[in-house]
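Trainee: Residue numbers (this note's numbering), protein chains in the order written: chain L, 1 to 333; chain C, 1001 to 1329. Positions of the beta carbon are idealized from the N, C-alpha and C atoms, including for glycine.
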């Protein structure tokens, strides 16, 4: 089956006053219809920029190369080379995105209801009454009590969790093929985070949307994702089905991240495993493995060339030279 | 065990009746409501709760950065609330605080050396030479290099800036440090670095920590005991391992249940308790037990009478009518 979205060799570079920032380097991944792909990485690893590049939401001074074939039923196009008008008809309609900061993503002087009807009227030929009815339905779907009254509420009258619910209502209003969730629960309390994760899971099952869930928390990912892409220094260093990734992490960075999660089963006297050092400086064009500075298995080859993707088990692709991986077949480019 | 700090029935209310809209009933935010606990020397007490539960206010009130509405804080048998400003200033040398936002707590126009030296210039009569030597010593202690002293805060990453903040708080050999969400803004791998650093410093220097956080799982690895706060009150307080092994309060039980398990199989198998609703406003907190509006096992008793905060087992304090009787499943 053809993947819904197929990204190949995506690279994004910002030209700034201080020089070029190589934010995303050679990222490739597939997204199948209806699945959840988690993108995990620390701040500055390029996970958000990857998604913004796909949606054409970056400023003009940005260089984006590569391809991203979006192929829902009926048509096929490359997100990175379509015209602005085409992109506009896709965004919010076929592909939508929710951000970490729900308050800043909502218009403070429009009621929540109006903001939901906006995309319905733009993308589908809803009239005002129809859109209103649908918006109230959507508010109910995302679990907001008294939806007919809350339709007229402004974003500041909502709590953090409710704002994120409203954002989700806007995002799913046109039943998109892909929902990109960019750290939607990072700013929320643990009990509210659990509510939002539960809601997303339910909506995905009901509507069959493919979800790309961006997060820095490998703990949340375990119960949510089908597959995981781990990003470091702008590169996807490992992609694997979720079970394989946790059982048998292929990249030293993935292993380090898993070790740094405090386990609730452990004793309080245990020492946390940390990855020494800090993330790489993205001002230099990567010519070798970006993780080499912090890697405990580093050897001379890691400093000489960029590791290609190696398939180490079915569906698990790792960009790392360690462990004699040259013998295994390379990923087709 | 020797007590360093004793907090007795401390409350902090904020009056909302000032300003333009003075009419209407008395509006009082009960940020901290009748909280008591003890802190033992050379130990860490973790203080956990959701945003708005009053944990940061409690930290500030203990240091008298804000005056409590009622209650007393004893620091090594000295009643802090009776101290005159000049006496308090001398006590502040022993009590320090590290804030969450590592960047805004460092002066962007001062070099790291100047920032770390400032407490010594203000509070001691050390010579320039001694101060410089101590600054380098502190930088080494927190895992930075002496050569960093001439650099400025913006040149450092979040984790490094938090190390600088820690170095500054240690300059005057404090015996008590409050860490107010010091790792919340950091990446996972860096969080572990800072937690390990704080643990090493405690062992080496014998400091007592009050560690404020909203993340129960990380707190476990630094605390000897953990206090769980909800709407200005302590719901449960126990030794770290005990609290995780046998949580008595429904709120603690659901908080622990909300921690994701980093294992896909286990995560699919278990049924996590998802608390309904949100934290009520501290302006008009619910009558009876403050948690009853969200509690899955509450009944009429909980909404009418407030449970006592009492010692259920030795060293295990809890405020719930049905502690250990009813469990959240």
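Measure from the C-beta of residue 1256(C) to each C-beta in chain L and report whether the shortest distance is under 8 Å.
Mentor: With 8 Å as the cut-off, residue 1256(C) counts as an interface residue toward chain L.
Trainee: Residue range of the alpha helix (DSSP H) that residue 213(L) falls in?
Mentor: Here residue 213(L) belongs to no alpha helix (DSSP H); instead the beta strand (DSSP E) covers 210-215.
Trainee: In terms of DSSP beta bridges, what is residue 97(L) paired with?
Mentor: Looking at the DSSP assignment, residue 97(L) forms a beta bridge with 180(L).
Trainee: Please look up how many angstroms separate the CB atoms of residue 1253(C) and residue 1318(C), rounded, as I've assumed it's under 8 Å.
Mentor: Wrong, their Cβ atoms sit about 11 Å apart, outside the cutoff.
Trainee: So, at 6 Å on beta carbons, what are the nonlocal neighbours of residue 65(L) in its own chain, with the 5 sequence-adjacent residues on each side left out?
Mentor: Only 11 meet the Cβ criterion.
Trainee: Give a yes or no on whether the C-beta atoms belonging to residue 1330(C) and residue 1290(C) are separated by under 8 Å.
Mentor: Nothing in the structure corresponds to residue 1330(C), since chain C is present only between 1001 and 1329.
Trainee: Looking only at C-alpha atoms, which of 216(L), 118(L), 198(L), 203(L) sits nearest to residue 1189(C)?
Mentor: For the residues 216(L), 118(L), 198(L), 203(L), the minimum Cα distance to residue 1189(C) belongs to 216(L).
Trainee: Give a yes or no on contact between the stretch 43-50 of chain L and the stretch 228-239 of chain L, applying the rule of three or more CB pairs nearer than 8 Å.
Mentor: Counting Cβ pairs under 8 Å, three or more are found: they touch.
Trainee: Should residue 310(L) be flagged as near chain C, meaning a C-beta pair shorter than 8 Å?
Mentor: Taking Cβ atoms only, chain C never reaches closer than 8 Å to residue 310(L), which makes this a no.
Trainee: Any beta carbon of chain L sitting closer than 8 Å to that of residue 1116(C)?
Mentor: Chain L, which has no Cβ nearer than 8 Å to the Cβ of residue 1116(C), makes this no.
Trainee: Which of the residues in the stretch 1110-1138 of chain C, read from start to end, lie with their CB under 9 Å from any CB of chain L?
Mentor: The residues in question: there are none.
Trainee: Please decide whether residue 292(L) counts as near chain C, where near means a Cβ-Cβ distance under 8 Å.
Mentor: For residue 292(L), the answer is no, since every Cβ of chain C falls outside 8 Å of its Cβ.
Trainee: Between residue 320(L) and the rest of its own chain, which residues show a CB-CB distance below 6 Å, the 5 nearest in sequence each way excluded?
Mentor: Counting only Cβ-Cβ distances below 6 Å, and skipping sequence neighbours, we find 251, 307.
Trainee: Classify residue 1269(C): buried if its beta carbon has 16 or more other beta carbons within 10 angstroms, exposed otherwise.
Mentor: It is exposed - the Cβ of residue 1269(C) has fewer than 16 other Cβ atoms within 10 Å.
Trainee: Note down, in chain order, every chain C residue with its Cβ under 8 Å from the Cβ of residue 189(L).
Mentor: In chain order: 1050, 1051, 1214, 1279.
Trainee: Considering only their Cβ atoms, is the gap separating residue 1180(C) from residue 1102(C) smaller than 8 Å?
Mentor: No; because the gap between Cβ atoms is not below 8 Å, this pair is not in contact.
Trainee: Assign residue 1122(C) to buried or exposed, taking buried as 16 or more other Cβ atoms, counted over all protein chains shown, within 10 Å of its Cβ.
Mentor: Residue 1122(C) comes out exposed.
Trainee: Give the single residue among 260(L), 118(L), 214(L), 223(L) whose Cα lies nearest to the Cα of residue 174(L).
Mentor: Taking only the C-alpha atoms, the option nearest residue 174(L) is 118(L).
Trainee: Report the start-end ranges of each alpha helix (DSSP H) in the stretch 103-136 of chain L that is 4 residues or longer and not cut off at the edges.
Mentor: Runs found: 112-123.
Trainee: Whole angstroms are fine: how far does the CA of residue 202(L) sit from the CA of residue 1143(C)?
Mentor: About 46 Å.
Trainee: By alpha-carbon positions, which one of 151(L), 85(L), 100(L), 142(L) ends up nearest to residue 122(L)?
Mentor: It is 85(L).
Trainee: Can you tell me which of the three DSSP states residue 12(L) falls into?
Mentor: In this structure, residue 12(L) counts as strand in the three-state DSSP scheme.
Trainee: Does the beta-carbon distance from residue 1162(C) to residue 1182(C) come in below 8 Å?
Mentor: Result yes, Cβ atoms of residue 1162(C) and residue 1182(C) sit closer than 8 Å.
Trainee: Locate the beta strand (DSSP E) running through residue 63(L), then write down its first and last residues.
Mentor: Here the beta strand (DSSP E) through residue 63(L) covers 62-70.
Trainee: Which bits of chain C does residue 202(L) rub up against, with CB to CB less than 7 Å?
Mentor: Within 7 Å Cβ-Cβ: nothing; residue 202(L) doesn't reach chain C, min ~11 Å.
Trainee: Is there contact here, the stretch 145-154 of chain L with the stretch 104-111 of chain L, by at least three beta-carbon pairs under 8 Å?
Mentor: Yes, the stretch 145-154 of chain L is in contact with the stretch 104-111 of chain L.
Trainee: Just to confirm my understanding: we take residue 42(L), look at its own chain, exclude 5 residues before and 5 after, and list those with CB closer than 8 Å. What are they?
Mentor: Correct list, in chain order: 216, 232, 279.
Trainee: Give me whichever residues DSSP pairs with residue 175(L) in a beta bridge.
Mentor: Paired residue(s): none; residue 175(L) is not in a bridge.
Trainee: Name the chain C residues whose beta carbon is nearer than 9 Å to that of residue 246(L)?
Mentor: Chain C residues near residue 246(L): 1262, 1263, 1264, 1265.
Trainee: Assign residue 1268(C) to one of three DSSP states: helix, strand, or coil.
Mentor: Residue 1268(C): helix per DSSP, three-state reduction.
Trainee: Drop a sphere of 10 angstroms on the beta-carbon of residue 1304(C), count the other beta-carbons inside from all chains shown, and report buried for 16 or more, exposed for fewer.
Mentor: Residue 1304(C) comes out exposed.
Trainee: Does the beta-carbon of residue 267(L) have 16 or more other beta-carbons within 10 angstroms, so that it is buried, or is it exposed?
Mentor: That one is exposed.
Trainee: Which residue wins for smallest C-alpha separation from residue 1279(C), given the options 1050(C), 1043(C), 1037(C), 1040(C)?
Mentor: Cα-wise, what sits closest to residue 1279(C) is 1050(C).
Trainee: Where does the unbroken beta strand (DSSP E) through residue 1284(C) begin, and where does it stop?
Mentor: Per DSSP, residue 1284(C) belongs to no beta strand (DSSP E) and is neither H nor E.
Trainee: If you draw a straight line from the alpha carbon of residue 1323(C) to that of residue 1247(C), how long is it in whole angstroms?
Mentor: Computed Cα separation, rounded: 9 Å.
Trainee: Check the C-beta distance from residue 1047(C) over to residue 1209(C) and give it rounded, since I have them as a contact under 8 Å.
Mentor: About 10 Å separates the two Cβ atoms, so there is no contact after all.
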